[in-house]
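Residue numbers are given in the UniProt record's numbering: position 48 of the sequence shown equals residue 48, and the series is strictly consecutive. Beta carbons: idealized from backbone N, C-alpha and C, even for Gly.
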Amino acid sequence: ISFSPGAKYLATAATDNRICIWEIASRKLRSRYHGSSYALCFAWVPEGEGHLLCGMLDGYVVSLTFTPRTIRAQGLVIHTSAVEAIAVLGSRVASGSRRELRVWDWRADVTLKIGRWSLHRELEEPPIGYQEEVSIAHLHWIAAARLIRLVVVYVEHGVRVFDARTWKCLQDRQDVKPIARADVSVDDGRLAIANPLSGFGIYSLRSGDLIRAFGHEVGHKRATPVKFIESGKAIVGGTTVGEVNIWDIET
Numbered sequence: 001i002s003f004s005p006g007a008k009y010l011a012t013a014a015t016d017n018r019i020c021i022w023e024i025a026s027r028k029l030r031s032r033y034h035g036s037s038y039a040l041c042f043a044w045v046p047e048g049e050g051h052l053l054c055g056m057l058d059g060y061v062v063s064l065t066f067t068p069r070t071i072r073a074q075g076l077v078i079h080t081s082a083v084e085a086i087a088v089l090g091s092r093v094a095s096g097s098r099r100e101l102r103v104w105d106w107r108a109d110v111t112l113k114i115g116r117w118s119l120h121r122e123l124e125e126p127p128i129g130y131q132e133e134v135s136i137a138h139l140h141w142i143a144a145a146r147l148i149r150l151v152v153v154y155v156e157h158g159v160r161v162f163d164a165r166t167w168k169c170l171q172d173r174q175d176v177k178p179i180a181r182a183d184v185s186v187d188d189g190r191l192a193i194a195n196p197l198s199g200f201g202i203y204s205l206r207s208g209d210l211i212r213a214f215g216h217e218v219g220h221k222r223a224t225p226v227k228f229i230e231s232g233k234a235i236v237g238g239t240t241v242g243e244v245n246i247w248d249i250e251t
């Protein structure tokens, strides 16, 4: 699931290959798209409330543009396997699929729907063995002053932060794993991770230090969601035992 930038819409995806756009105020279904595979990740285009990029299981990115009465979709293959994570910052799109971590120059074009895409950079892999599996849990752009960074969260290979000008790796935290899901606070200062073995951890994106840790009953070792709420002062996290918990980070 993903909320639009102004929290007007909620996008949901399921394994039946459907993507639904819900209007939050009315709680009504506004648009629906049925794809050739199901969506694994979403990225809303910041300008406006009616444009969504969807990373799909079959390696496509699908651009959905919609109004209360219409929905248009156009797809483009950007990876050889499932698009696990996607993030948008202006004319740049970062996408991840297993060992592939790519940055694209992208320009929306109403005549082409999907827009114009060109590969800007293919980023280095984390230190891994040849046969080792790689999976990306989350991507996030941080734009602060003149420094733009890309945060890459791997399932089994920690957290890496890249300088978006030189593409050098500024941070490489291999001790933070495994990671099932992740989220970044609205001030871009904190990273929340869901550890399928123990619970949730809050880390500083500036220093990499652990700020708080929250344990809960794990149940089955599966991916559980985590999201910052209350302007980053709390997190909400799911479990595999039928509970949703909210933690106050400050206290």
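Using the Cα positions of residue i and residue j, report the straight-line distance between them to the nearest angstrom.
i	j	result
A39	A144	30 Å
E250	A85	29 Å
E100	I142	20 Å
R107	R181	29 Å
P178	S36	31 Å
S135	L119	21 Å
L53	Q131	31 Å
R121	S26	42 Å
L197	V83	25 Å
Thinking just about the alpha-carbon of each residue, which of the options is nearest to the one in residue i?
i	options	result
V176	C169, T67 and Y154	Y154
D16	V152, M56 and R121	M56
N195	A82, T166, H157 and P127	H157
A87	L150, H34 and R160	L150
L139	D105, G96 and H120	G96
V77	I148, R116, R121 and D58	D58
F3	K227, A234 and G242	K227
W104	I71, H79 and I229	H79
Please classify residue i: does DSSP put it in a helix, a strand, or coil?
i	result
E100	strand
E122	strand
S95	strand
G238	strand
G232	helix
Y38	coil
S204	strand
W44	strand
Counting only the same chain and skipping the five closest in sequence on each side, list residues whose C-beta sits under 6 Å from that of residue i.
i	result
H51	V45 and T65
Q174	G158
T12	I1 and C20
F214	G199, F200 and W247
Spatial neighbours of residue i within its chain, please: CB distance less than 7 Å, with the 5 preceding and 5 following residues excluded, ordered by chain position.
i	result
I24	A7, K8, Y9 and L10
P5	W44, P46 and E49
G238	T224, P225 and V244
residue 263	Outside the displayed span of the chain (1 to 251) sits residue 263, for which this structure offers no information.
residue 313	What is shown of the chain runs 1 to 251, which leaves residue 313 out entirely.
To which residues of the same chain is residue i closer than 8 Å at the C-beta, ignoring the five residues directly before and after it?
i	result
K168	F162
residue 252	The displayed coordinates of the chain run from 1 to 251. Any statement about residue 252 would go beyond what the structure contains.
E125	R99, L101 and V134
Measure from the C-beta of residue i to each C-beta in chain D and report whether the shortest distance is under 8 Å.
i	result
R32	Included in the structure is just one protein chain, with no chain D present.
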